[in-house]
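Asks: Take this structure first; my questions come after.
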Amino acid sequence: MLETLFYNLCELMISTTMIIIIIILILPYANKNFGVKWRKTLWIILAVRLIIPFDFSFTNALIKLPKINFSITQNGWTMPLTIVLILIWLTGVFVYLRMQQLNFWHFRNDIMDSAKKVKDQKILDTFNQIKNEQHIKKVIPLYQGEKVKTAMVLGVFQPVMILPHETYSMEDVSNIFHHEFMHIKNHDGWYKIFMMVITSLYWFNPFIHIMTKFSYNDVELVCDKKVTEKMDKSQRAQYSETILDSISQGKKRDLAITTCFYGSKRMMKKRIENVFDEKPKKAGYSMMALIIVLFISFDSLISCGYAAAGSNSEMTENQSDLGAVAEASTEAPTKTKSLLDDYVHPYNNLVADTELSKKARDILLSNLSDEDKKTVTYEISRMHWWIDNTLLQYWKDRSSTSLMWNEIYYVASSYDNSEVRMGRNEYTGVECLQSLEKIKAIVNNQYFSLDIDKASALMQSAIDLHDLETLYKFHQIIHDLDYWLLNYPIKPFRAAPADWHGIYVYFSVLESYKCIE
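According to this note's numbering, the sequence shown is numbered sequentially starting from 1.
Structure, rendered in structure tokens:
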């Protein structure tokens, strides 16, 4: 599940990066011919898609980025590289969000320690008048702070408006209030928080940071345009003077949970040009629609974590090449196991119905005694671990005396009581057949019996022919009966490290259980 999420986020990152580059390239043309509001809307649409980690790519996607099939081994422990990358990614998300939180707390506490409520009645009257004009009913305290260099709204749950401790004309005060109340009316604080969360998920991608920066700037441009759209030239000039005055006072501080009247000098220049720009411009929704179509196209044509997989009953192309991989790694069994395990559990884009897993498991185990439940779950997991750990280790020796068919090491776990059993055992293919018959008799269900019969037939064929492909088919049945039925749900750290990705792979064995009662 987590690995699938990771690959889906990678797909989104690639398609979104391509769109951001396109938007940057067309901005000079767009600024001359279209307004600003469409860009603010477009950023939020892209952001919403970025937080929905579903794969909409076609099966025959044009760009297929292969699944990462490398592992890191140290002191006998093997961990897939994908898991390592996921842990690094999650750490980065946590650190980014934590830093944003700490910065805001420090900024708020530093300001509010010296802030005092405004007592000037003229300012309060203007404040309440504009607040009522904007139809804002939320209680918003008004403060003045010695450490505040520009007017701002701080927070979103319980916002406060803070004015600098400077002396403003009533025209400037009115312009500031109109601007900040427009931010509140437009829910721009929430907009910026959402963009910040998206940035945290893609903290490693500089283009997402660029997108967030552009979105913050467009928030200000849209706000200015709405405030000044009914002003005459003299009023716009006064509004622009207020912006210019804030340049000498302000210090740029981009926090998601604040909206400030001030910005960078370059941004302030854009804002003033935007205020005085009376040239008729198109709304830009046609441009936005075109970009969204491009985004959807890129999204559907890129596939990450691709593994060439055939049908469930056939070996994959990768699996057919396993001999070469194993032969190259015969002196490094840990590495061999790690490499080959990725081929044993190829991603095939099949998704298990978890509700069906729960329902079928409960029905199969409901009438069993605790001892029988332990026996069934233990035996099926034992067979699964045996296949996972030895399926390819002795692939070359197909003689009747091969360790593949006779004496092997096995490690098995009883998931009910977390008991781990390890040892040397003469666990043969014949004993595997005996175990299958044993659990079939205990469970005594027609759907389950059919799968056990299929597995038994495959194992018998493997014993007779010493055929690797037949063992793969056997493994697929046992895998689903273990992870998606009898021992569902399996948590990552309850499986062997090399199989942490395998617990999310599904071979559609349970589809026949949809009618189980």
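Here a beta-carbon is modelled for each residue, glycine too, at the ideal position from N, C-alpha and C. Being a predicted model, the structure only gives us computed values, none of them experimental.
Please classify I503 as buried or exposed, where buried requires at least 16 neighbouring CB atoms within 10 angstroms.
Replies: Buried, because 16 or more other Cβ atoms sit within 10 Å of the Cβ of I503.
Asks: Return the residue from the list V505, K225, I490 that minimises the CA-CA distance to K270.
Replies: For K270, the nearest C-alpha among the options comes from K225.
Asks: Between L46, I463, M182, I296, which lies nearest to Y202 when the distance is taken from Cα to Cα?
Replies: Comparing Cα-Cα distances from Y202 to each of L46, I463, M182, I296, the minimum goes to L46.
Asks: In angstroms, rounded to a whole number, what distance separates the CA positions of K230 and V222?
Replies: K230 and V222: Cα-Cα distance of roughly 14 Å.
Asks: Just to confirm, are V153 and E180 a CB contact at a threshold of 7 Å?
Replies: Yes.
Asks: Output needed for L42: all residues of its chain with C-beta closer than 7 Å, excluding positions within five of it in sequence on either side, in chain order.
Replies: Same-chain partners within the cutoff: M288, I291.
Asks: How far does the beta strand (DSSP E) with V153 in it reach, from first residue to last?
Replies: Where V153 is concerned, the enclosing beta strand (DSSP E) stretches over 152–154.
Asks: Distance, Cα to Cα, Q434 vs M99?
Replies: Going from the Cα of Q434 to the Cα of M99 covers about 58 Å.
Asks: For I162, report the span of its beta strand (DSSP E) as first-last.
Replies: Segment 160–164, the beta strand (DSSP E) holding I162.
Asks: Can you give, in chain order, each stretch of the beta strand (DSSP E) that sits fully within the segment 419–482 and has at least 3 residues?
Replies: Here the runs fully enclosed are 419–425.
Asks: Nearest-angstrom Cα distance between Y488 and R361?
Replies: Spanning the two alpha carbons is a distance of roughly 8 Å.
Asks: Roughly how many angstroms lie between the CA atoms of V118 and N103, to the nearest whole one?
Replies: Approximately 26 Å, taken between the alpha carbons.
Asks: May I ask which residues mark the beginning and end of the alpha helix (DSSP H) holding L50?
Replies: Taken as a continuous stretch (DSSP letters only), the alpha helix (DSSP H) holding L50 covers 37–50.
Asks: Please list, in chain order, all residues of the same chain as L97 whose beta carbon is under 7 Å from its beta carbon, the five residues on each side excluded.
Replies: Within the same chain, L97 has close Cβ partners S200.
Asks: Could you pull the DSSP bridge partners for F157 from this structure?
Replies: DSSP, once it has assigned bridges, lists no residue as partnering F157.
Asks: Since G145 is in the beta strand (DSSP E), which residue starts that stretch and which ends it?
Replies: Note, G145: beta strand (DSSP E), 142–145.
Asks: What do you reckon, are the CB atoms on G145 and I111 nearer than 7 Å?
Replies: Going by C-beta atoms, G145 is nearer than 7 Å to I111.
Asks: If you reduce the DSSP assignment to three classes, tell me which class F507 lands in.
Replies: Correct three-state label for F507: coil.
Asks: By the 10 Å Cβ neighbour count, where 16 or more other Cβ atoms means buried, how is F177 classified, buried or exposed?
Replies: Looking at its Cβ environment, which holds 16 or more other Cβ atoms inside 10 Å, F177 is buried.
Asks: Cβ of M196 within 7 Å of Cβ of S215?
Replies: No, Cβ-Cβ distance for M196 and S215 is not below 7 Å.
Asks: Taking 8 Å as the limit between beta carbons, can you name the residues of its chain near F474, skipping five residues before and five after?
Replies: Within the same chain, F474 has close Cβ partners I387, A455, L458, M459, A462.
Asks: For a test of the three-state rule: what should DSSP assign to K185, helix, strand or coil?
Replies: K185: helix per DSSP, three-state reduction.
Asks: For the putative contact between I19 and F298, defined by C-beta atoms under 8 Å, what is the C-beta separation to the nearest angstrom?
Replies: About 7 Å separates the two Cβ atoms, so the contact holds.
Asks: Using alpha carbons as the reference points, say which of S15, C10, Q121, L9 lies closest to L294.
Replies: It is S15 whose Cα lies nearest to the Cα of L294.
Asks: Alpha carbon to alpha carbon, what distance is there between L510 and L356?
Replies: Roughly 8 Å between the two C-alpha positions.
Asks: Pick helix, strand or coil for F34, following the three-state DSSP scheme.
Replies: Correct three-state label for F34: strand.
Asks: Would you mind stating whether D218 and V36 have Cβ atoms separated by less than 7 Å?
Replies: The answer is yes: Cβ separation under 7 Å.
Asks: State the Cα-Cα distance for the pair G284 and L27, rounded to the nearest angstrom.
Replies: If you take the alpha carbons of G284 and L27, they lie about 12 Å apart.
Asks: What number of angstroms, rounded off, separates the C-alpha of F507 from the C-alpha of D370?
Replies: Whole-angstrom Cα-Cα distance: 28 Å.
Asks: Can you pull the DSSP bridge partners for K119?
Replies: According to DSSP, K119 bridges with nothing at all.
Asks: Which class does K281 belong to by DSSP, given the choice of helix, strand or coil?
Replies: K281: coil per DSSP, three-state reduction.
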